[in-house]
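Numbering-wise (my numbering), the sequence shown opens with residue 150 and increments by one.
Glycine included, every Cβ here is placed at the ideal spot set by N, Cα and C.
Quick caveat: nothing in here was measured; it's all calculated off a predicted structure.
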Amino acid sequence: MTPAPVPSDNPTTAPLATPVDAKKILTEVLKYTGLLAIAIAVIGGGLGYLFAGTDGLISALIGTALAVLFASITAVSIIGAMRFDIAAFFGIVMGAWLLKIVVFIVILALLRDAPFVHTMVLFLTVIAGAVGTMLIDVIVVFRSKLGYASNVTLPSSPDETAP
Numbered sequence: 150m151t152p153a154p155v156p157s158d159n160p161t162t163a164p165l166a167t168p169v170d171a172k173k174i175l176t177e178v179l180k181y182t183g184l185l186a187i188a189i190a191v192i193g194g195g196l197g198y199l200f201a202g203t204d205g206l207i208s209a210l211i212g213t214a215l216a217v218l219f220a221s222i223t224a225v226s227i228i229g230a231m232r233f234d235i236a237a238f239f240g241i242v243m244g245a246w247l248l249k250i251v252v253f254i255v256i257l258a259l260l261r262d263a264p265f266v267h268t269m270v271l272f273l274t275v276i277a278g279a280v281g282t283m284l285i286d287v288i289v290v291f292r293s294k295l296g297y298a299s300n301v302t303l304p305s306s307p308d309e310t311a312p
């Protein structure tokens, strides 16, 4: 039987990256969401103006604003809810989710018959924003080093407890 390796005073490998907290991850998500919004507003607004005139530009800007608003509500609700216990956390996050659904339905109902809205441009920019923010979430979370457990104290090794 081979004995267990003993840690040396001179490690040969680089230390692991320091874990990142969830607030930093969500702040990074918000930062990249802002950059995505600028890109969608410029590209979607330009294409909307090219294909549908001023109505297309306005529709692209409204679609961009909706996508950013909903992505931001999620991140901000999680950041704000992190200081509460788990029941309140889920209550706040689910409340924000329900708020997003109601606001989205109300906004679409108000914009349905608006003469300045080009529905296809609005639809495409909302879809681009939704897909883009999902990709941002996935990329930022995968690149982070968020631990599975927090505030954990590991038991001491048998060598440390021996007199």
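Exercise for the section: Identify which residue in Ala277, Ala263 and Leu199 has its Cα closest to the Cα of Ala220. Expected result: With distances taken between Cα atoms, Ala220 lies closest to Ala277.
Handout entry: Inter-residue Cα distance where the pair is Val289 and Met269
Key = Here the C-alpha atom of Val289 lies approximately 30 Å from the C-alpha atom of Met269.
Practice task
Report back the beta-carbon spacing between Thr274 and Gly212 to the nearest angstrom; my notes put them in contact at under 8 Å.
Solution key: Between Gly212 and Thr274 the Cβ distance is about 3 Å, and since that is below 8 Å, they are a contact.
Problem - Rounded distance between the beta-carbons of Ala216 and Ile187, thought under 8 Å - result: The Cβ separation is near 12 Å, so there is no contact.
Exercise for the section: Check whether the region 177 to 184 touches the region 217 to 236, taking contact to mean three or more Cβ pairs, one atom from each stretch, closer than 8 Å. Expected result: Output reads yes: the region 217 to 236 touches the region 177 to 184.
Exercise for the section: Tell me, to the nearest whole angstrom, how far the beta carbon of Gly195 is from that of Ser208; I am working on the premise that it is less than 8 Å. Expected result: Taking the Cβ atoms as the reference, Gly195 lies roughly 13 Å from Ser208, outside the contact range of under 8 Å.
Problem - Where the alpha helix (DSSP H) containing Ala236 begins and where it ends - result: Run containing Ala236: Ile235 to Leu260, per the alpha helix (DSSP H) assignment.
Practice task
State the CB to CB distance for the pair Met231 and Ala171, rounded to an integer number of angstroms; the pair is presumed to be in contact (CB under 8 Å).
Solution key: Confirmed, Cβ separation roughly 6 Å.
Exercise for the section: Could you pull out every residue in the same chain whose Cβ sits closer than 7 Å to the Cβ of Ile228, ignoring the five residues on either side in sequence? Expected result: Around Ile228: Lys172 and Leu175.
Practice task
Please name the residue, chosen from His267, Ala237, Thr302 and Pro307, that lies closest to Gly193 on a Cα-to-Cα basis.
Solution key: Among His267, Ala237, Thr302 and Pro307, the Cα nearest to that of Gly193 is on His267.
Problem - Selected residue, minimal CA-CA separation from Trp246, among Leu271, Leu218 and Leu259 - result: Ranking the options by Cα distance to Trp246, first place goes to Leu218.
Practice task
Report the rounded CA-to-CA distance for Ser305 versus Leu184, giving the unit in angstroms.
Solution key: Answer to the nearest angstrom: the Cα atoms are 46 Å apart.
Practice task
Output the boundary residues of the alpha helix (DSSP H) element that contains Met269.
Solution key: Element bounds for Met269: Thr268 to Arg292.
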